[in-house]
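Asks: Quick one: structure below, then a few questions.
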Amino acid sequence: MDKQSVAPPGTELTKKPFTAALPSASPASQSKWSNSAGLSETRKPGVTCSFPSGGQKRQSHSSDHQLSKSSQQGSAGYHGTSHAQSWLVGGRSPAHASLLWPFSFGRGKRQAATKRRKRVMVLMSDTGGGHRASAEALQAGFEQLYGDDFQVDYVDVWTDHTPYPFNQLPKTYSFMVRNSLMWRIGYYGQQPRFIHVPTQTVSSLFVSKQVAAAFDHYQPDLVVSVHPLMQLVPLRVLRQQARRGKRKPVPFATVVTDLTTCHNTWFHPLVDRCFVPTLYCKRSAMRNGLKEEQITVHGLPIRPAFSQKLAPKHQLRRSLGLERDLPIVLLVGGGEGMGAIEKTLQALDDRVGGGCQVVAVCGRNKALIERLNHRSFPGGLKVRVCGFVTNMAEWMTASDTIITKAGPGTIAEALICGLPIILNGFIPCQEEGNVPFVVDNKVGLFERKPAAIAQILEGWLTVEKAEFNRFAERAREIGSRWKGALLRIVVDLALMCDSALEVESIKAAAHKALVQHSSA
Numbered sequence: 039m040d041k042q043s044v045a046p047p048g049t050e051l052t053k054k055p056f057t058a059a060l061p062s063a064s065p066a067s068q069s070k071w072s073n074s075a076g077l078s079e080t081r082k083p084g085v086t087c088s089f090p091s092g093g094q095k096r097q098s099h100s101s102d103h104q105l106s107k108s109s110q111q112g113s114a115g116y117h118g119t120s121h122a123q124s125w126l127v128g129g130r131s132p133a134h135a136s137l138l139w140p141f142s143f144g145r146g147k148r149q150a151a152t153k154r155r156k157r158v159m160v161l162m163s164d165t166g167g168g169h170r171a172s173a174e175a176l177q178a179g180f181e182q183l184y185g186d187d188f189q190v191d192y193v194d195v196w197t198d199h200t201p202y203p204f205n206q207l208p209k210t211y212s213f214m215v216r217n218s219l220m221w222r223i224g225y226y227g228q229q230p231r232f233i234h235v236p237t238q239t240v241s242s243l244f245v246s247k248q249v250a251a252a253f254d255h256y257q258p259d260l261v262v263s264v265h266p267l268m269q270l271v272p273l274r275v276l277r278q279q280a281r282r283g284k285r286k287p288v289p290f291a292t293v294v295t296d297l298t299t300c301h302n303t304w305f306h307p308l309v310d311r312c313f314v315p316t317l318y319c320k321r322s323a324m325r326n327g328l329k330e331e332q333i334t335v336h337g338l339p340i341r342p343a344f345s346q347k348l349a350p351k352h353q354l355r356r357s358l359g360l361e362r363d364l365p366i367v368l369l370v371g372g373g374e375g376m377g378a379i380e381k382t383l384q385a386l387d388d389r390v391g392g393g394c395q396v397v398a399v400c401g402r403n404k405a406l407i408e409r410l411n412h413r414s415f416p417g418g419l420k421v422r423v424c425g426f427v428t429n430m431a432e433w434m435t436a437s438d439t440i441i442t443k444a445g446p447g448t449i450a451e452a453l454i455c456g457l458p459i460i461l462n463g464f465i466p467c468q469e470e471g472n473v474p475f476v477v478d479n480k481v482g483l484f485e486r487k488p489a490a491i492a493q494i495l496e497g498w499l500t501v502e503k504a505e506f507n508r509f510a511e512r513a514r515e516i517g518s519r520w521k522g523a524l525l526r527i528v529v530d531l532a533l534m535c536d537s538a539l540e541v542e543s544i545k546a547a548a549h550k551a552l553v554q555h556s557s558a
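Just so it is clear: in the sequence shown, position 284 is 322 by our numbering, and no numbers are missing.
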């Protein structure tokens, strides 16, 4: 399997993949999908934060500041700014560092009080929780940086703006991923370009009218896709509208939300920009016809809460009702509470007992929550049962380690929080590459069996504490590079329609924020 580095943007692979930018490890210490205890070796991504839907069925979500119906509509072209320039020293891209976070660059005085807000349309779908989480993060990032300058709508085009059976995509996905063989056939069968391009082109003949109506409704100045099946069809519709004189060319960007293993449908050579999280994804994009100048390596768009400074760990534990001095294990079952949560808790109770406390995040799985709330743990294990949470940054910051499936967003969030990771499963195909990413970068282990997971944790809490501390340090090292990824992506997206922005005033606001940050 091809591997990748987590080197900062712009660096090239020099040694072996995955660990190229990190201290090299001896061959004897390199594990292959295994753990330090020598044990043998799912589903739903990590918990996401959703806004209330409102409107009919699942209409798009937008920021609180709604665009007036009488506002002038229009579109902007892409001005081709270079992401490699240093914005604070005269370039057009803002500084690619998280030290300015969370200062708001767009809340100063406006030069033109009647200036029309630019509209950003984010295309997503609820096939797994990661796409919606990324869309919400982008929306929050625009609000954080630019205030009222932008209105961001995230739209499930397939569900809300296509006819049957295309509007059943999320249900079809949920059914297929539960059948590993069926999912692998569908996933790899659509990988070749000579198959998925004709297939989606034919699909566009049936859905183009409704998709065009969605663009007419939202009148976007910028379209951003955070889903692999929302490149070819939207681009085709936008080109058709431009040829017919219905709108000016609209810049189009793709924000890849897979960490390592990317389906080829993510990449279309006609996009203006493609933002990827790793160098491995960059190579995949170039193999699929994108030029290097179209691709930017920033990291994953993680929710803003993970880039903001939270209260110290002991204060968070007190506010969350947790014991201050007892190690905390965060057991995440995803938005739907999937995975062997009950079996893992039982194994931890048998092996570790009162040596730690576990926060079990069960998502929307009400039956599981009910069972755990009425279950006793004779070994003395302290268990805190949670449903769907919207403050995951606080729970992760308060924790010492995490057990989760190999969802890209949850992995990135755990690294930012410096948590050693135990992966207990993955969705076939798109999440398989995340396992060697975690193992080879020495930030965690992979183990399916609950009893073996309990053995690993017992070691980390006792004789293997040195290994645990090394994993935590490496996690913080890698996570620090991704902490400002959302900021960097949002700024580059904003500059794709910067005709509506007073660039110099925004630079001045950023400089003022930097001075204040330095003197704090």
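A virtual CB, placed ideally from N, CA and C, is assigned to each residue, including glycine.
What separation, rounded to the nearest whole angstrom, lies between the Cα atoms of His352 and Cys312?
Replies: Rounded to whole angstroms, His352 to Cys312 spans 40 Å at the Cα level.
Asks: On a Cα-Cα basis, can you pick out the residue from Pro307, Cys300, Leu260, Leu276 that is closest to Phe188?
Replies: Per the Cα distances, Leu260.
Asks: Output needed for Lys381: all residues of its chain with C-beta closer than 6 Å, excluding positions within five of it in sequence on either side, in chain order.
Replies: If we look at Lys381 and ignore the five residues flanking it on each side, its Cβ neighbours are Pro488.
Asks: Alpha carbons only, please: which of Cys394, Glu181, Asp310, Asp387 is nearest the one belonging to Phe415?
Replies: Looking at the Cα atoms, Asp387 is the closest of the given residues.
Asks: Would you grab the beta carbon distance between Arg285 and Gln279 for me? Rounded to a whole angstrom, and I think it's under 8 Å.
Replies: Confirmed, Cβ separation roughly 5 Å.
Asks: Once DSSP output is grouped into helix, strand and coil, what is the label at Tyr318?
Replies: Here Tyr318 sits in helix by DSSP.
Asks: Would you identify the three-state DSSP class for Ala490, choosing helix, strand or coil?
Replies: DSSP places Ala490 in helix when its eight states are reduced to three.
Asks: Under 9 Å, do Leu495 and Ile460 count as touching if we go by C-beta distance?
Replies: Taking 9 Å as the Cβ cut-off, Leu495 and Ile460 qualify as a contacting pair.
Asks: Identify every residue that forms a DSSP beta bridge with Leu338.
Replies: According to DSSP, Leu338 bridges with nothing at all.
Asks: Secondary structure at Leu483, three-state DSSP: helix, strand or coil?
Replies: Strand, per DSSP.
Asks: Determine the extent of the beta strand (DSSP E) in which Val293 is found, giving its start and end residues.
Replies: Residues 290–293.
Asks: In chain order, what residues of the same chain lie with their CB nearer than 8 Å to the CB of Glu361, ignoring the 5 residues before and after it?
Replies: The residues are Arg355, Gln395, Lys420.
Asks: Around the Cβ of Arg512, are there at least 16 other Cβ atoms within 10 angstroms (buried) or fewer (exposed)?
Replies: Label assigned to Arg512: buried.
Asks: Report the residue from Asp254, Ala291, Pro307, Gly168 whose alpha carbon sits nearest the alpha carbon of Gly283.
Replies: Here the closest residue by C-alpha is Asp254.
Asks: At 4 residues or longer, and completely inside the segment 204–252: list those alpha helix (DSSP H) runs for me, N to C.
Replies: 207–215, 218–227, all fully within the segment 204–252.
Asks: Measuring CA to CA, which of Pro446, Gly392, Val370, Ile449 is closest to Val427?
Replies: Selected option, being the one with the closest Cα: Val370.
Asks: Should the segment 405–414 be regarded as contacting the segment 312–331, the criterion being three or more beta carbon pairs within less than 8 Å?
Replies: Segments in contact, no.
Asks: Inspect the beta-carbon positions of Ser163 and Val195 and report whether they are closer than 9 Å.
Replies: Cβ distance < 9 Å, so Ser163 and Val195 count as in contact.
Asks: Could you say which of Asn429, Ala436, Val477, Cys300 lies nearest to His449 if we only look at CA atoms?
Replies: The residue asked about is misnamed: residue 449 is Ile in this sequence, not His. Considering only alpha carbons, the answer is Val477.
Asks: So which of Asn472, Val390, Val397, Cys424 has the shortest CA-CA distance to Gly417?
Replies: Closest option to Gly417, Cα to Cα, is Val390.
Asks: State the start and end residues of the unbroken beta strand (DSSP E) segment that holds Ser263.
Replies: Taken as a continuous stretch (DSSP letters only), the beta strand (DSSP E) holding Ser263 covers 260–263.
Asks: In its own chain, which residues sit with a C-beta less than 6 Å from the C-beta of Ala178, not counting the 5 before and 5 after it?
Replies: Closer than 6 Å at Cβ, skipping near neighbours: Pro342.
Asks: Ala251 to Ser242, Cα distance in whole Å?
Replies: Ala251 and Ser242: Cα-Cα distance of roughly 13 Å.
Asks: Does the separation of the CB atoms of Pro272 and Phe290 fall below 9 Å?
Replies: Yes, the pair counts as a contact, with Cβ atoms nearer than the cut-off.
Asks: Spatial neighbours of Ala385 within its chain, please: CB distance less than 7 Å, with the 5 preceding and 5 following residues excluded, ordered by chain position.
Replies: Excluding residues within five positions, the ones whose Cβ falls inside 7 Å are Pro488, Ala489, Ile491, Ala492.
Asks: So, is Met220 buried or exposed, given that buried needs 16 or more other C-beta atoms within 10 angstroms?
Replies: Met220 comes out exposed.
Asks: From Gly327, Gln248, Ile454, pick the residue whose C-alpha is nearest to that of Pro339; which is it?
Replies: Nearest of Gly327, Gln248, Ile454 to Pro339, Cα basis: Ile454.
Asks: Determine the DSSP secondary structure at Arg155, reduced to helix, strand or coil.
Replies: If DSSP states are grouped into helix, strand and coil, Arg155 belongs with coil.
Asks: Cutting at 8 Å between CB atoms, please list the residues of its own chain near Cys467, excluding the five before and the five after it.
Replies: Closer than 8 Å at the Cβ level, and outside the excluded window around Cys467, lie Trp221, Arg222, Tyr225, Tyr226, Thr299, His301.
Asks: Mind checking Tyr202: buried by the 16 CB within 10 Å criterion, or exposed?
Replies: Exposed, by the Cβ-count rule.
Asks: Report yes or no: do three or more beta-carbon pairs, one from the segment 166–175 and one from the segment 440–447, lie closer than 8 Å?
Replies: Yes, the segment 166–175 touches the segment 440–447.
Asks: Beta carbon of Val160, beta carbon of Val264: below 9 Å?
Replies: Against a cut-off of 9 Å, the Cβ pair of Val264 and Val160 comes out as a contact.
Asks: Below 6 Å CB to CB, which residues in the same chain sit around Phe305 once its five sequence neighbours on both sides are set aside?
Replies: Result list for Phe305: Ala323, Asn326, Leu328, in chain order.
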